[in-house]
Amino acid sequence: MNTQTAVLHPRNENPAIQAQKFLVAGEWRTGQHSLEISSPWRDEDIATIGLAEAVDVEDALKAAESSRPQLAETSRWDRANTLEQLAALVTDHSEDLALLLVEEVGKTLRDARGEVGRTISTLRFAADAARNLVGDILPLDAMKEARGKFGYTVTEPIGTVIGIPAANFPLLIAAHKIAPAVGAGCPIILKAPDLTPRVVLRLAELLIEAGWPAVGISVLTGGPSIGEALIRDDRPRLVSFTGSSPIGKLIASQAGFKRLLLELGSNAATIVSESADVNLAASRIVTGAFAAAGQSCISVQRVYVHHARRQELEDLIVEKTSKIRLGTTEDRDADLGPLLTESAAKRVEDMVKDAVDQGAQLLTGGRRTGRFFEATVVSGLTQSMDLHREEVFGPVVALAEFSTFEEALDLANDSKYGLQAGVFTDSSSEAHLAARRLEVGGVHINEISMWRADHMPYGGVKDSGFGKEGPAWAMREMTVNKVVSWKQ
2 MNTQTAVLHP RNENPAIQAQ KFLVAGEWRT GQHSLEISSP WRDEDIATIG
52 LAEAVDVEDA LKAAESSRPQ LAETSRWDRA NTLEQLAALV TDHSEDLALL
102 LVEEVGKTLR DARGEVGRTI STLRFAADAA RNLVGDILPL DAMKEARGKF
152 GYTVTEPIGT VIGIPAANFP LLIAAHKIAP AVGAGCPIIL KAPDLTPRVV
202 LRLAELLIEA GWPAVGISVL TGGPSIGEAL IRDDRPRLVS FTGSSPIGKL
252 IASQAGFKRL LLELGSNAAT IVSESADVNL AASRIVTGAF AAAGQSCISV
302 QRVYVHHARR QELEDLIVEK TSKIRLGTTE DRDADLGPLL TESAAKRVED
352 MVKDAVDQGA QLLTGGRRTG RFFEATVVSG LTQSMDLHRE EVFGPVVALA
402 EFSTFEEALD LANDSKYGLQ AGVFTDSSSE AHLAARRLEV GGVHINEISM
452 WRADHMPYGG VKDSGFGKEG PAWAMREMTV NKVVSWKQ
């Protein structure tokens with residue numbers, strides 16, 4: 002996952018460019034500086050966003066802390082109802098939100114509508130999780146010395162939550178921060194992505210309309226100094242971050258004595274065994290490699306295929322990839338949109354060139370025009386190539402062959418990352434072996450690494466982070482359990 006820092010300018014007063022304020026506990030503010038937002042579809046400013054400063058950070062933190070008793074007293078019904086109302090409002094405004102994602106993130110209309118739909122599902126699952134957020138009965142008298150005692154735990158809000166969503170899925174990832182915080186009864190302060198802040202601000206606005214106390218939600222804009230100020234402050238009790246592994250490690254070094262949820266980068270692998278349904282695997286791999294222009298931490302990046310099926314799989318993938326239509330500045334309803342920035346597209350181009358220079362075969366694609374990069378398939382991936390070692394975060398899939406299934410598992414595990422993996426096989430023994438041996442947070446059998454149900458526990462190992470997202474799981478992270486015991 003790529004990040005980009007804000008470039009400060011005097012506040013833009015050009016009436017032809019939409020001005021956007023940031024949110025501090027229900028108050029919309031402008032700030033003294035601004036950041037111009039351009040659409041990935043074209044090199045032209047579409048909005049100017051006011052940037053928060055130190056005083057805004059302090060005001061947001063004070064408001065959040067002051068709201069803690071009020072929010073902790075909200076009932077499960079209150080929290081679930083707020084989330085249901087928010088889901089209804091997102092549904093009502095779904096097309097406007099999708100068009101905002103198209104314009105600001107560079108998504109195709111299909112991808113944008115998909116993100117809105119997943120956001121609605123996430124909010125509804127969070128409402129269900131809020132209703133069922135309960136503690137445990139403790140069998141204290143299982144200990145001889147505790148005869149005559151019983152106990153239970155109660156869940157209480159952890160306190161102020163700092164949420165930092167990524168720029169690639171700003172609406173959905175912001176919902177994965179906001180929804181569990183609301184369900185747990187916690188105030189939340191979001192640091193909006195520099196490149197795609199407006200949809201996060203709109204979601205917060207809808208949350209207040211849904212009934213959440215305005216004092217319990219702030220969305221701040223600005224560069225790394227704003228995020229660092231929030232993370233280093235002693236008052237917040239949890240930081241939930243989605244983004245690159247280097248930034249995640251930096252946050253871990255800055256956060257001090259706080260609970261952390263870090264959903265970081267990956268270079269996800271998918272294995273296609275000799276017994277696999279290769280046509281199914283090819284179809285799913287093409288979907289998982291090129292959806293969202295490959296700008297997902299679980300996009301299919303590395304594919305390991307049994308040598309007996311390599312040519313068949315390559316031919317099918319190239320055939321299906323050749324049908325993908327690359328968008329243009331005029332055509333935003335294509336299959337593949339631009340990358341967020343031209344520097345991101347240039348980085349993808351350099352990684353493909355590195356692979357080709359080391360002997361890989363470029364089967365299709367590989368050309369860049371500004372922020373647009375063709376759907377690209379590379380064969381002959383080796384462990385020395387950047388495409389094996391790093392996260393490409395673009396529309397590129399690289400293939401290599403293997404002889405034994407154990408070799409494929411070793412190749413998939415040869416990574417500093419470990420978020421999710423896919424395995425296509427008709428062998429139950431291979432499926433069980435993959436489930437045990439793959440060093441990742443999620444293994445999907447006869448499915449790609451990019452598959453995700455938004456209510457499932459989701460998170461990685463190694464440099465892909467720690468902690469689990471998914472509304473019910475994140476909600477538990479945002480609570481603490483208090484033990485209560487009674488002597489009869």
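According to this note's numbering, the sequence shown is numbered sequentially starting from 2.
All C-beta atoms, glycine included, are put in the ideal place defined by N, C-alpha and C.
Quick caveat, the model's predicted, so the values are computed rather than measured.
Helix, strand or coil, according to DSSP, for residue i in the structure here?
i: Asp97; result: helix
i: Lys469; result: coil
i: Thr83; result: helix
i: Ala309; result: coil
i: Phe126; result: helix
i: Gln421; result: strand
i: Ser68; result: helix
i: Pro11; result: The predicted position of Pro11 is uncertain, since its pLDDT is 38 and thus under 50; no value can be drawn from it.
i: Lys22; result: coil
i: Lys488; result: strand
i: His456; result: coil
i: Trp29; result: strand
i: Ile449; result: coil
i: Val162; result: strand
i: Thr426; result: coil
i: Glu440; result: coil
i: Gly51; result: strand
i: Glu116; result: helix
i: Ala17; result: Low confidence applies to Ala17: its pLDDT is 45, below 50, so where it sits in the model is not reliable enough to give any reading.
i: Ser241; result: strand
i: Phe406; result: helix
i: Gln255; result: helix
i: Val357; result: helix
i: Phe151; result: strand
i: Arg199; result: helix
Return the Cβ separation of residue i and residue j in integer angstroms, given the expectation that the two are a contact with Cβ distance under 8 Å.
i: Leu400; j: Glu315; result: 6 Å
i: Ser284; j: Thr426; result: The Cβ separation is near 16 Å, so there is no contact.
i: Arg333; j: Thr75; result: That pair is no contact at about 41 Å.
i: Ile159; j: Thr480; result: 6 Å
i: Val200; j: Leu101; result: 5 Å
i: Leu388; j: Val378; result: Not really, about 11 Å apart at Cβ, beyond 8 Å.
i: Glu96; j: Ile47; result: With a Cβ gap of about 18 Å, Glu96 and Ile47 do not count as contacting.
i: Gln421; j: Val393; result: The pair is not a contact, with the Cβ atoms about 16 Å apart (cut-off 8 Å).
i: Asn482; j: Gly152; result: Actually they are not in contact, since the Cβ atoms of Asn482 and Gly152 sit about 11 Å apart, beyond 8 Å.
i: Gly228; j: Ile165; result: 6 Å
i: Ser40; j: Asn268; result: Not really, about 28 Å apart at Cβ, beyond 8 Å.
i: Ala61; j: Ala26; result: 6 Å
For residue i, tell me which candidate among the options has the shortest Cα-Cα distance.
i: Ala99; options: Trp474, Glu116, Val393; result: Glu116
i: Val183; options: Thr322, Gly228, Asp234, Ala131; result: Ala131
i: Leu327; options: Asp336, Pro237, Val162, Ala167; result: Asp336
i: Ala185; options: Arg148, Gly217, Ala361, Glu391; result: Gly217
i: Gln230; options: Trp29, Ala81, Arg453, Gln255; result: Reading off the sequence, residue 230 comes out as Ala, not Gln. Here the closest residue by C-alpha is Gln255.
i: Leu52; options: Ala81, Asp195, Thr365, Lys145; result: Asp195
i: Thr156; options: Ile138, Leu134, Asn169, Arg303; result: Leu134
i: Asn169; options: Gly395, Trp452, Ser404; result: Gly395
i: Gly249; options: Val485, Phe373, Phe467; result: Phe467
i: His308; options: Arg119, Ala454, Gly381, His34; result: Gly381
i: Asp358; options: Thr197, Gly338, Thr383; result: Thr383
i: Lys259; options: Thr161, Lys192, Arg80; result: Thr161
i: Val485; options: Lys150, Ala20, Leu72; result: Lys150
i: Ala215; options: Gln71, Thr271, Thr365; result: Gln71
i: Thr92; options: Arg111, Ala113, Gly118; result: Gly118
i: Leu173; options: Ser274, Leu202, Ala147, Gly366; result: Leu202
i: Val349; options: Phe374, Leu62, Met451; result: Phe374
i: Leu63; options: Thr154, Thr31, Pro188, Gln21; result: According to the sequence shown, residue 63 is Lys rather than Leu. The residue with the shortest Cα to Cα distance from Lys63 is Pro188.
DSSP has residue i in a bridge; who is on the other side?
i: Asp46; result: Ser39
i: Glu157; result: Val481
i: Thr377; result: Val397
i: Arg303; result: Ala270, Ala399
i: Arg369; result: Phe374
i: Lys192; result: Leu221
Using 8 Å as the cut-off, classify the Cβ of residue i as near or not near the heavy atoms of the ligand HEM, replying yes or no.
i: Leu102; result: The ligand HEM is not among the ligands present in this structure, which contains no ligands whatsoever.
Would you say residue i reaches chain B, if we count a Cβ-Cβ gap shorter than 9 Å as a contact?
i: Asp411; result: This model lacks chain B altogether, as it is built from one protein chain only.
### Query
Would you call the segment 335-348 and the segment 432-452 in contact, with 3 or more CB pairs under 8 Å?
no
### Query
Does the count of Cβ pairs from the segment 118-133 and the segment 83-102 closer than 8 Å reach three?
Touching, yes.
### Message
Taking contact to mean 3 or more Cβ pairs, one atom from each stretch, closer than 8 Å, check whether the segment 457-474 and the segment 261-271 are in contact.
### Response
yes
### Query
How about the segment 281-298 and the segment 471-479: do they share at least three Cβ pairs that are nearer than 8 Å?
No: the two stretches stay apart, fewer than three of their Cβ pairs being nearer than 8 Å.
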